Structure formats: structure tokens, C-alpha cells
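Reading through the C-alpha cells given below for one structure.
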Amino acid sequence: MQANVARRPSAHETALNLAYAAHVDILLLQEPSIRSEERRLTRYHPGFEIFTPVDNWTEDRPRVLTYLRRGIGLRGVQTRPLLDPSTDLLFLQLLSGTRVVLTVINVYNAPCGSLRSGRAVRDIIAAWQPKPEDRVLIAGDFNLHHWTWQPDATGSSDADNLVEWAEAASLVLLSPTGEATHEDGNTLDLCWASSNLYGASTSIETSLHTTSDHESLLTRVPLALTDIPSPTAGKFRLDTMDEKLFLDVLRRNMQPLRHTASNARGPQALDLLAQQLTDCLGEALTASTRRTLGRGPGRPYWNETC
1 MQANVARRPS
11 AHETALNLAY
21 AAHVDILLLQ
31 EPSIRSEERR
41 LTRYHPGFEI
51 FTPVDNWTED
61 RPRVLTYLRR
71 GIGLRGVQTR
81 PLLDPSTDLL
91 FLQLLSGTRV
101 VLTVINVYNA
111 PCGSLRSGRA
121 VRDIIAAWQP
131 KPEDRVLIAG
141 DFNLHHWTWQ
151 PDATGSSDAD
161 NLVEWAEAAS
171 LVLLSPTGEA
181 THEDGNTLDL
191 CWASSNLYGA
201 STSIETSLHT
211 TSDHESLLTR
221 VPLALTDIPS
231 PTAGKFRLDT
241 MDEKLFLDVL
251 RRNMQPLRHT
261 ASNARGPQAL
271 DLLAQQLTDC
281 LGEALTASTR
291 RTLGRGPGRP
301 YWNETC
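In our numbering, the protein residues as written are 1 to 306.
Written as C-alpha cells, this is what we have:
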């Protein structure tokens with residue numbers, strides 16, 4: 001889930017409570033509420049671990065915060081690939097055991113007239129490039145206009161550069177095009193994903209609105225279950241399955257696969273479809289079914305041949 005909470009304490013608190021109630025795993029906030037720079041006071045929630053882009057808040061307060069849900073079997077490791085620390089970019093790797101399963105980048109790109117206007121986008125373009133095998137999600141408030149996500153908008157050089165960089169990095173725009181994310185009618189909040197995140201999708205979720213002037217976006221990322229699980233992950237206990245939740249998650253994740261299924265021609269396309277179906281089933285099982293307390297890695301619940 002991503003949301004700009006406009007530095008409002010109530011909106012920040014609402015975002016945390018809504019995200020926790022909706023079983024959101026990762027919450028990306030832009031323009032968070034900061035109560036004290038010297039004491040590093042902001043809004044916390046016992047169900048989430050918080051990550052901040054800089055350690056010293058007295059020089060400049062953070063304009064992004066990332067929250068990772070506790071108890072989901074993923075460990076967050078923050079990286080800082082930029083030479084100069086940025087209050088507007090937060091890089092977080094999600095690990096299952098020792099394996100990086102996803103890199104999530106939280107972005108606040110300040111608008112014209114603001115402090116460090118446009119710097120976040122320029123920094124990420126100049127200093128960071130994902131590898132072809134990386135799984136990456138880049139989301140936040142970009143404050144840029146471009147016909148790619150707002151057909152009637154007049155683009156800017158920063159927006160053009162962002163689009164060119166994203167294409168070169170094989171990133172796909174997941175967020176809805178032509179749908180306003182700000183109360184003034186512009187599409188400012190975006191989400192990009194690496195092309196190997198099969199089945200990922202982003203939608204505007206009015207049920208998660210934080211009362212700020214921005215809409216909340218929800219991104220669903222099916223993480224592959226066919227990889228060897230971490231040593232602490234046990235087998236699924238099918239007797240604990242919440243069947244309604246399983247079907248709801250499966251139905252939701254299957255929506256983006258309709259195009260792939262209707263255009264599957266040849267062995268490679270069928271292999272891709274099979275992988276995507278496996279990922280959808282894996283996320284539905286993970287969301288709805290408990291595991292046994294396994295001691296060793298064992299064998300996956302299923303693999304590429306079964």
C-alpha cells in the first residue's frame with residue numbers, strides 16, 4: 001500500500017490502522033507526520049517495523065517512511081546506494097532466509113517550488129539501475145505529468161527522462177492510467193515493477209483512503225513459491241485453509257492473467273503462463289493457510305515438474 005499522508009497526524013495514523021486491518025505487508029508513506037526531528041518521533045504501530053531513509057532528522061526530516069509487517073516470514077534490509085543520503089528515497093530489500101525476493105523503493109519527488117524539487121527522480125536515474133534478474137517495485141508520489149499515465153497532460157523533461165529510464169530498465173507501469181490520484185485531478189502517485197514480477201497489479205483503493213488529498217494505491221505482488229523455501233518454513237496445513245480467503249486472493253490475482261492466457265502461443269508462452277498460475281496459487285495459499293513448524297528446507301510443496 002502506498003499513500004501520501006500530507007504530513008497530517010490523523011492521516012498517518014489512519015494509514016497505519018487501515019494497512020494493518022487489511023493485512024498489508026508493506027506500507028509506503030510519503031510526506032509522513034513528524035512530531036519531533038531531534039527525538040525522531042513519528043507514528044509507530046506494534047504490527048509494523050519502521051524504516052527511515054536517513055539517521056539524522058535534525059538536518060532534514062524524512063519525506064518517506066516504509067513499514068514492514070511483522071510475522072510474515074520476510075526480513076527487511078535497508079540499503080543506501082546513493083553517495084549522498086536522501087530524505088526522499090528509501091531502498092528496502094525483502095529477504096526470505098538469505099535470498100532477496102523483492103526490492104522496494106519508496107519515492108517522494110518534490111514538486112516545483114518545493115525544497116529539492118525533482119531531485120528524487122534525478123537521483124535514482126543517475127545513481128541506480130536494477131539488474132535484469134532483480135525483482136523491483138518502485139512506488140510513491142512522483143509529482144510529474146506525462147501522457148503515459150495522464151493522457152491529457154503536458155510532459156516535462158524530468159518525466160520524459162523517467163519514462164526513458166524505466167523502459168531501459170525493463171520496468172512496467174502498474175498503476176492505473178488516466179485515473180486521478182490527487183484531489184486536484186492529476187495522476188501523481190505511480191507504481192513501477194520489473195517485468196519479471198508476473199501477475200503484479202496496482203489499483204486505487206477507496207477503502208484505504210487516509211483522509212489526505214491523495215488516493216491510496218494497493219499493489220499485489222505474487223512472490224514465487226517454486227523457489228526453495230527458507231529453513232523455517234514448513235509445509236502447508238490444508239486443514240487450516242480459509243477457503244473463502246483462498247478463493248478471494250486467487251480470483252484477484254488471476255485477473256491480470258487473462259491477457260496472457262488468451263494470447264498463449266508456443267512453448268515459451270505456455271511456460272510463462274504456468275509460472276504465473278503457480279505464483280497465483282502460492283500467494284493464495286500463503287494468505288489463507290498455516291504452515292507446519294518445519295526445521296529444515298525439505299522439499300517444496302510443488303515444483304516445476306509437479
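By construction, the Cβ of each residue, glycine as well, lies at the ideal position given by its N, Cα and C atoms. Please read all numbers here as calculations on a predicted model, not as lab measurements.
Span of the alpha helix (DSSP H) around residue 18: Counted from its first residue, the sequence shown places residue 18 at position 18. 9–21 is the extent of the alpha helix (DSSP H) around residue 18.
Coarse secondary structure for residue 126, derived from DSSP in three states: As a first step, residue 126 must be located in the sequence shown, where it is residue number 126. Of the three classes helix, strand and coil, the one that applies to residue 126 here is helix, per DSSP.
Candidates 179, 215 and 221: closest to residue 195 by CA position: Translated into the one-based positions of the sequence shown, residue 195 becomes position 195. Nearest C-alpha to residue 195: 221.
Alpha-carbon to alpha-carbon, residue 60 and residue 18: Locating residue 18 in the sequence shown gives position 18, counting from the first residue. Locating residue 60 in the sequence shown gives position 60, counting from the first residue. In a straight line, the C-alpha of residue 18 is about 28 angstroms away from that of residue 60.
Distance between residue 244 and residue 190 (C-alpha atoms, nearest Å): Residue 190 sits at position 190 when you count from the first residue of the sequence shown. Residue 244 sits at position 244 when you count from the first residue of the sequence shown. Cα to Cα, residue 190 sits roughly 31 angstroms from residue 244.
Proximity of residue 218 and residue 106 at Cβ, strictly below 8 angstroms: Mapped onto the sequence shown, residue 218 falls at position 218. Mapped onto the sequence shown, residue 106 falls at position 106. For residue 218 and residue 106, no; Cβs fall outside 8 angstroms.
Residues sharing a beta bridge with residue 112, DSSP: As a position in the sequence shown, residue 112 is number 112, starting the count at 1. BP columns for residue 112 are empty, so no partner.
Reduced DSSP category for residue 266 - H, G, I as helix; E, B as strand; rest coil: Along the sequence shown, one-based indexing puts residue 266 at 266. Correct three-state label for residue 266: helix.
Per-residue DSSP class, three states only, for residue 199: The residue given as residue 199 occupies position 199 in the sequence shown. Coil, per DSSP.
Member of 155, 124, 133 and 181 whose CA lies at the smallest distance from the CA of residue 325: Here the chain has residues from 1 to 306 only, and residue 325 is not among them.
Option in 211, 73, 10 and 135 with minimal Cα separation from residue 170: What you label residue 170 is simply residue 170 of the sequence shown in a count that begins at 1. Ranking 211, 73, 10 and 135 by Cα distance to residue 170 puts 135 first.
Where residue 49 sits in the DSSP three-state scheme: Here the question's residue 49 lines up with position 49 in the sequence shown. Three-state result, residue 49: strand.
Terminal residues of the alpha helix (DSSP H) in which residue 163 lies: Residue numbering aside, residue 163 sits at position 163 when the sequence shown is read from its first letter. Run containing residue 163: 157–168, per the alpha helix (DSSP H) assignment.
Buried or exposed by the 16-neighbour rule on C-beta atoms within 10 Å, applied to residue 110: Sequence index remark: in the sequence shown, residue 110 carries index 110 (1-based). Label assigned to residue 110: buried.
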